[in-house]
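Numbering (my numbering), first residue to last: 1188 to 1311.
Here it is, written out as structure tokens:
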């Protein structure tokens, strides 16, 4: 069904973050994925290099993003375009939960600094 009501999502946990998946091939889309990422206060993300572009929209809190070694503090309403093959790390140095809406193309994978490959289930 193309309409997702509040609460109609699958939740995954990885690297200290929660990923609430709403749109993915496993949920009926052909090309797009969309999810809400939540980071608890004090969360330090894991740097990873992405295979597809991503777009982040800050919904709540004050996360920080490091994009190809350039760190930027973010605020509600800020939008970040993560280019294909960029290395990204998302942190939450704030005192409250940070939430972001994320979109990408189906099939995104990521490679971590130690060479591991992550195939997020919310992009399948």
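Heads up, the beta-carbon is just placed ideally off N, CA and C, and yes, glycines get one too.
Keep in mind it's a predicted model, so treat the numbers as computed, not measured.
Assigned exposure category for residue 1260 - 16 Cβ within 10 Å defines buried: exposed
Determine the extent of the beta strand (DSSP E) in which residue 1237 is found, giving its start and end residues. 1235-1237
Report the residue from 1296, 1248, 1245 and 1208 whose alpha carbon sits nearest the alpha carbon of residue 1274. 1296
Just grab the DSSP bridge partners of residue 1279 for me. 1230
Under 8 Å, with one C-beta from each stretch per pair, do the stretch 1246-1259 and the stretch 1290-1307 reach the 3-pair mark? no
Expressed to the nearest angstrom, what Euclidean distance is found between the alpha-carbon atoms of residue 1210 and residue 1232? 23 Å
Could you please give the first and the last residue of the uninterrupted beta strand (DSSP E) stretch that includes residue 1263? Counting along the chain, residue 1263 falls outside any beta strand (DSSP E), and DSSP gives it neither H nor E.
I need the straight-line Cα distance from residue 1253 to residue 1236, nearest angstrom please. 11 Å
Assuming residue 1245 and residue 1263 make a contact with CB atoms under 8 Å, what is their CB distance in whole Å? 5 Å
Proximity winner among 1204, 1225, 1234 and 1190, relative to residue 1303 (alpha-carbon distances): 1234
Nonlocal neighbours in the same chain, by C-beta distance under 8 Å from residue 1284, ignoring five residues either side: 1225, 1226, 1227, 1228, 1247 and 1248
Reducing DSSP to helix, strand and coil, say where residue 1223 ends up. strand
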